[in-house]
Structures are given as C-alpha cells and as structure tokens.
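Anchor point for the sequence shown: position 35 equals 40 in the working numbering, and the numbering is continuous, going up by one each time.
For reference, the structure is listed below as structure tokens.
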Amino acid sequence: EKAGIQRAKIGKVEILREFSFFEIEAGVAEKVLKTMKGAKIDGRSVTIQYAEKKPLNKKKKSVKKSRRSR
C-alpha cells in the first residue's frame, strides 16, 4: 500500500518470523526500495534489499555405505 503499486505487480510472498521475501515486477522494484527506505512496520525498522532466487537442485545426492568383510 505504501509504495502505491498495483497488487497485480506483486507475486509470491513468504512471511517468516525474522524476514520475508516477495516477488515483484522489475519495473516497480526501484520504487518499492525508495518508498520503504526508513519505513517502520509495527514499530520495527524495515530493511529491504534485492535477493536472487536460487535454482532448485532437483538431483538428490545419495551416499551408499558398503560393508566390507575383514
């Protein structure tokens, strides 16, 4: 609301205890950064920065232990 952008330009939102992530269209990202600089939510200062999405590792590594007879 504070940044004055349309909800349609905001994607997935993850709200966690200590931090949150949200997806936003690149064209409005700079406006959000400028608007939220120095902002407070529920009396707590807000720090906002870009984060890159990490690719999912679809391959799971497995370790097999072998039993050797002595």
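Using N, Cα and C, we set each Cβ at its ideal position, and we do this for glycine too.
For the pair of segments examined, the segment 21-38 was found to touch the segment 51-58: the number of CB pairs separated by less than 8 Å reaches three. Taking a C-beta distance under 9 Å as the contact criterion, V18 and F24 do not qualify as a contact pair. In the DSSP assignment, E19 forms a beta bridge with F26. Look at K45 here: in three-state DSSP terms it is strand. Relative to the Cα of I29, the nearest Cα in the group V51, L38, D47 belongs to L38.
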